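Using the numbering used here, read the sequence shown as starting at 1 and increasing by one per residue.
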Amino acid sequence: MAQRISLTRYLVEQQRIDGLIPGQLRLLLEVVARACKGISQAVNKGALGGVLGSAGTENVQGEVQKKLDIIANEVLIEANEWGGHLAAMASEEMAGIHPVPNRYPQGEYLLLFDPLDGSSNIDVNVSIGTIFSVLKKPAGLAGVTEADFLQPGHAQVAAGYCVYGPQTTLVLTVGDGVAMFTLDREQGSFVLTQQNVRIPEDTREFAINMSNMRHWDAPVRRYIDECLAGKEGPRAKDFNMRWIASMVADVHRILTRGGIFMYPWDKREPDKPGKLRLMYEANPMSWIVEQAGGAATNGHQRILDVVPTGLHERVSVILGSKNEVERVTSYHG
Ligand code: AHM
Ligand code: MG
């Protein structure tokens, strides 16, 4: 039987090979993975664990929180507070940053997360996930403020997601390609199941919420119209469509077999640049996709180059197979 490589061993070996993973970062990634195991267990229990349904509260963006949004947020915070690897955390579910309490040692990293992405799928037993991004606290100043988090995506030192689907899979990059780990529930550990993940450059599959079509801008409409025209249209091939409504699951499919994912700006809320959050969703996913040979833009620029002005800033997202992303971006002129 081929030797199984655990997440711990993978991280230790990465640390030895190219020094991309300093000790504190390794600890951070192991702690996040452990938290994801805890969230996975809660997700699996479903109605038996009393975790389904609404919590009856709203987050800072005015979205109704599900019980699991709050549970996942708490699991991540509790797991990461005491290890000495972090200065502070920020979450889609919390208005402000969460500095590590004074009673614990302070580390040099900043952790951002969408604790439970795809919330609308929780109660219907469809794949959901956790997305996370790691930044380094800017050197020099004591304490930590929200401004320390406002770094562009290309400054990330690690990014990943965990998808809770038929399998629980952790996907990780530290800037050296993308690796996938599958949770072995009997052993209780993540096992390396794919390395050097590559997204095919071309695709015949797109993911977008088609019900918003009438609200889109001309370039996105043009791209989708051309896909829908199929063999008889300008693309001279038929396209397939998938929309899971969990970004984690849609991105995971694209990493596995290619495709393009779009959540563009639309006219429903013209003042917002998009629906998805730059810091918790777009940045980590864009870096993972780029590390797998794909591309990610907001139609005008590389997402990783967007300089954030607020923690909960939103952004238009076009990511996946390189040639398709470049095509849609070129339509934006
Ligand atoms: P969430 O973080 O509150 O779950 O929202 C983000 C999700 C993405 O995972 C998904 O791509 C999108 O929202 C689905 O939106 P819609 O319901 O408009 O299709
Ligand atoms: Mg989300």
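In this text, a Cβ means the ideal position worked out from N, Cα and C, and glycines have one as well. Since the structure is predicted, the reported quantities are computational estimates derived from the model, not experimental observations.
Measuring C-alpha to C-alpha distances from A296 to each of P273, K275, V325 identifies V325 as the nearest.
Judged by beta-carbon spacing, K66 lies within the 8 Å limit of G53, meaning their Cβ atoms are closer than that value. Not one heavy atom of ligand 1 lies closer than 7 Å to the C-beta of G143.
Judged by DSSP in its simplified three-state form, V163 adopts strand. Annotation: the continuous beta strand (DSSP E) that includes Q194 extends over 189-194. Residue burial is scored here from C-beta neighbours: L135 has at least 16 other C-beta atoms within 10 angstroms and is therefore classed as buried. L68 has its Cβ no nearer than 7 Å to any heavy atom of ligand 1. Taking a cut-off of 8 Å for Cβ pairs, the region 68-83 and the region 40-47 touch, as three or more such pairs fall below it.
Taking the C-beta atoms as reference points, M279 is found nearer than 8 Å to L311. Measuring C-alpha to C-alpha distances from R4 to each of T193, L112, S321, K237 identifies T193 as the nearest.
DSSP places Q65 inside the beta strand (DSSP E), whose first and last residues are 64-66.
Non-local beta-carbon contacts of W216 in its own chain, meaning distances under 7 Å to residues more than five positions away in sequence, involve P264, D266 in chain order. Distance between E269 and A207, taken at the CA atoms: about 21 Å. Under the three-pair Cβ rule at 8 Å, the region 118-137 does not count as touching the region 199-214.
Straight through space, the alpha carbons of V197 and R253 are spaced by roughly 12 Å. Below 8 Å, too few C-beta pairs join the region 85-95 and the region 4-22 to call them touching: fewer than three. For G84, the secondary structure class from DSSP, reduced to helix, strand or coil, is coil. Using a C-beta cut-off of 8 Å, the region 276-291 makes no contact with the region 217-234, since fewer than three inter-stretch Cβ pairs fall below that distance. Burial state of P105 is exposed, judged by a 10 Å Cβ sphere holding fewer than 16 other Cβ atoms. Put simply, of M94, W82, V126, A33 the residue whose alpha carbon is nearest the alpha carbon of V64 is M94. When the Cα atoms are used, V100 and P273 turn out to be separated by approximately 31 Å. Relative to the non-hydrogen atoms of ligand 1, the Cβ of G62 never comes closer than 7 Å to any of them. Rounded to the nearest whole angstrom, the CA to CA distance from I224 to I97 is 38 Å. Per DSSP, the beta-bridge partners of E205 are N240. Within the same chain, and ignoring the five residues on either side of K322 in sequence, the residues whose Cβ sits closer than 7 Å to its Cβ are E201, G293, G294, A295. Taking the Cα of G160 as reference, the smallest distance to any Cα among L255, K237, I244 is reached at L255. The three-state reading of DSSP puts I254 in helix, counting H, G and I together. Of all alpha-carbon atoms in R34, Q14, G19, the one lying nearest the alpha-carbon of Q187 is that of R34. When only Cα atoms are considered, A245 and V251 end up about 11 Å apart.
In the DSSP secondary-structure assignment, D114 is bridged to I131. In this structure, the C-beta of E78 stays at least 7 Å away from each heavy atom of ligand 1.
For the region 242-310, the continuous beta strand (DSSP E) assignments of 3+ residues that do not extend past its boundaries occur at 260-263, 295-297, in sequence order.
The distance from the Cβ of E58 to that of R277 is about 16 Å, inconsistent with a contact at the 8 Å cut-off.
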